[in-house]
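For the sequence shown, the positions run -26 to -1, 1 to 81 when mature numbering (1 follows the signal peptide of the UniProt record, and there is no 0) is used. Where a beta carbon is used, it is the ideal one built from N, C-alpha and C, also for glycine. The next block holds one structure in the form of C-alpha coordinates; read it before the comments.
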Amino acid sequence: MKKAMQKLLFASVMSCLTLLSYSQQRTVTGTVSDNKGTPIANVSYIVKGTTAGGVTDENGNFSVSIDGNDTVLEFTSVGYTKKKLLLVAIPYFRFRLKNRMLLEWKK
(Lines of atoms letter the chains of each structure in order from A and count residues from 1; the text may use other names and numbers.)
(Lines give C-alpha, C1' and ligand atoms only; values in the text may rest on other atoms or scores of the structure.)
Protein backbone atom coordinates (compact mmCIF):
# COMPACT_ATOMS: atom_id res chain seq x y z
CA MET A 1 0.00 0.00 0.00
CA LYS A 2 2.81 2.43 0.90
CA LYS A 3 4.63 1.75 -2.39
CA ALA A 4 1.42 2.33 -4.34
CA MET A 5 0.97 5.73 -2.65
CA GLN A 6 4.60 6.66 -3.37
CA LYS A 7 4.16 5.75 -7.05
CA LEU A 8 0.94 7.76 -7.23
CA LEU A 9 2.61 10.75 -5.56
CA PHE A 10 5.60 10.49 -7.89
CA ALA A 11 3.34 10.31 -10.96
CA SER A 12 1.37 13.34 -9.75
CA VAL A 13 4.51 15.40 -9.17
CA MET A 14 5.92 14.48 -12.59
CA SER A 15 2.63 15.42 -14.27
CA CYS A 16 2.64 18.81 -12.55
CA LEU A 17 6.27 19.46 -13.52
CA THR A 18 5.52 18.55 -17.13
CA LEU A 19 2.57 20.94 -17.22
CA LEU A 20 4.60 23.72 -15.61
CA SER A 21 7.48 23.36 -18.05
CA TYR A 22 5.08 23.28 -20.99
CA SER A 23 3.18 26.36 -19.84
CA GLN A 24 6.37 28.40 -19.45
CA GLN A 25 7.27 28.24 -23.14
CA ARG A 26 5.96 31.26 -25.04
CA THR A 27 6.53 33.23 -28.20
CA VAL A 28 7.84 36.79 -28.02
CA THR A 29 7.47 39.11 -31.00
CA GLY A 30 8.48 42.69 -31.65
CA THR A 31 9.87 45.33 -33.96
CA VAL A 32 13.37 46.85 -34.04
CA SER A 33 13.83 50.35 -35.43
CA ASP A 34 16.56 53.01 -35.53
CA ASN A 35 16.61 56.27 -33.59
CA LYS A 36 14.31 57.87 -36.19
CA GLY A 37 11.73 55.07 -35.99
CA THR A 38 12.66 53.43 -39.29
CA PRO A 39 12.48 49.60 -39.07
CA ILE A 40 15.86 47.84 -39.30
CA ALA A 41 16.13 44.64 -41.35
CA ASN A 42 18.66 41.85 -40.69
CA VAL A 43 19.28 42.62 -37.01
CA SER A 44 20.63 39.46 -35.39
CA TYR A 45 19.01 38.32 -32.15
CA ILE A 46 19.71 35.42 -29.83
CA VAL A 47 18.27 34.17 -26.54
CA LYS A 48 21.23 34.51 -24.16
CA GLY A 49 22.68 31.14 -23.17
CA THR A 50 20.96 29.25 -26.01
CA THR A 51 21.19 28.80 -29.77
CA ALA A 52 17.63 30.11 -30.31
CA GLY A 53 17.46 33.27 -32.39
CA GLY A 54 17.35 34.65 -35.91
CA VAL A 55 17.31 37.92 -37.84
CA THR A 56 14.64 40.57 -38.23
CA ASP A 57 12.67 40.67 -41.47
CA GLU A 58 12.56 43.61 -43.92
CA ASN A 59 10.10 45.41 -41.60
CA GLY A 60 12.25 44.95 -38.49
CA ASN A 61 9.95 42.27 -37.06
CA PHE A 62 11.17 39.32 -34.99
CA SER A 63 9.63 36.29 -33.32
CA VAL A 64 11.26 33.75 -31.00
CA SER A 65 10.07 30.97 -28.68
CA ILE A 66 11.46 31.16 -25.16
CA ASP A 67 11.22 29.23 -21.90
CA GLY A 68 10.36 31.11 -18.74
CA ASN A 69 9.93 34.80 -18.00
CA ASP A 70 13.43 35.87 -16.96
CA THR A 71 15.12 35.47 -20.33
CA VAL A 72 17.50 37.94 -21.97
CA LEU A 73 17.33 38.58 -25.71
CA GLU A 74 20.44 40.17 -27.30
CA PHE A 75 20.23 42.24 -30.51
CA THR A 76 23.24 43.15 -32.67
CA SER A 77 23.65 44.85 -36.03
CA VAL A 78 26.58 46.45 -37.82
CA GLY A 79 26.64 50.19 -37.15
CA TYR A 80 24.37 50.00 -34.07
CA THR A 81 24.99 49.53 -30.37
CA LYS A 82 24.25 46.11 -28.89
CA LYS A 83 20.93 45.92 -27.04
CA LYS A 84 19.99 43.47 -24.29
CA LEU A 85 16.32 43.09 -23.46
CA LEU A 86 14.94 41.35 -20.35
CA LEU A 87 11.84 39.50 -21.50
CA VAL A 88 9.34 39.78 -18.70
CA ALA A 89 5.76 38.59 -19.13
CA ILE A 90 5.08 40.95 -22.06
CA PRO A 91 4.42 39.22 -25.40
CA TYR A 92 5.34 42.14 -27.72
CA PHE A 93 8.25 44.58 -27.66
CA ARG A 94 9.04 47.67 -29.71
CA PHE A 95 12.36 49.39 -29.21
CA ARG A 96 15.08 51.37 -31.00
CA LEU A 97 18.74 50.63 -31.56
CA LYS A 98 21.10 53.59 -31.34
CA ASN A 99 23.28 54.31 -34.33
CA ARG A 100 26.97 54.00 -33.38
CA MET A 101 27.99 56.74 -35.79
CA LEU A 102 25.74 59.23 -34.00
CA LEU A 103 27.15 58.23 -30.63
CA GLU A 104 30.74 58.61 -31.82
CA TRP A 105 30.05 61.96 -33.47
CA LYS A 106 28.52 63.38 -30.26
CA LYS A 107 31.67 62.70 -28.20
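Exercise for the section: Might you give, ordered along the chain, the residues of its own chain that have their beta carbon closer than 8 Å to the beta carbon of LYS22, omitting 5 neighbours on each side? Expected result: Here residue 22 refers to the residue found at position 48 when the sequence shown is read from its first residue. The residues are THR45, VAL46, LEU47, GLU48 and LYS58.
Problem - Neighbourhood of ASN35 by C-beta, 6 Å cutoff - its chain only, sequence neighbours within 5 removed - result: What you label residue 35 is simply residue 61 of the sequence shown in a count that begins at 1. Cβ within range, chain order: THR5.
Exercise for the section: Sort out for me which residues DSSP pairs LEU59 with in a bridge. Expected result: For the purposes of this step, residue 59 is identified with residue 85 of the sequence shown, where counting begins at 1. LEU47.
Handout entry: Residue(s) in a DSSP beta bridge with ASP41
Key = On the sequence shown, residue 41 is found 67 positions in, with the first residue counted as 1. When DSSP reads this structure, ASP41 sits in a beta bridge with GLN(-2).
Problem - LYS72 versus THR12 - alpha carbon distance - result: To locate residue 72, count along the sequence shown from 1; it is residue 98. To locate residue 12, count along the sequence shown from 1; it is residue 38. Going by the C-alpha atoms only, they are around 12 Å apart.
Handout entry: As assigned by DSSP and simplified to three states, the class of ILE20
Key = As a working note, residue 20 is residue 46 in the sequence shown. Note: ILE20 maps to strand in three-state DSSP.
Handout entry: Proximal residues to LYS56 (C-beta, below 8 Å), its chain only, five neighbours per side dropped
Key = The residue labelled residue 56 in the question sits at position 82 within the sequence shown. Same-chain partners within the cutoff: GLU48, PHE49 and THR50.
Problem - Sequence-distant residues of the same chain with beta carbon closer than 8 Å to ASN16, five excluded per side - result: Your numbering for residue 16 matches position 42 in the sequence shown. The residues are VAL29, THR30 and SER51.
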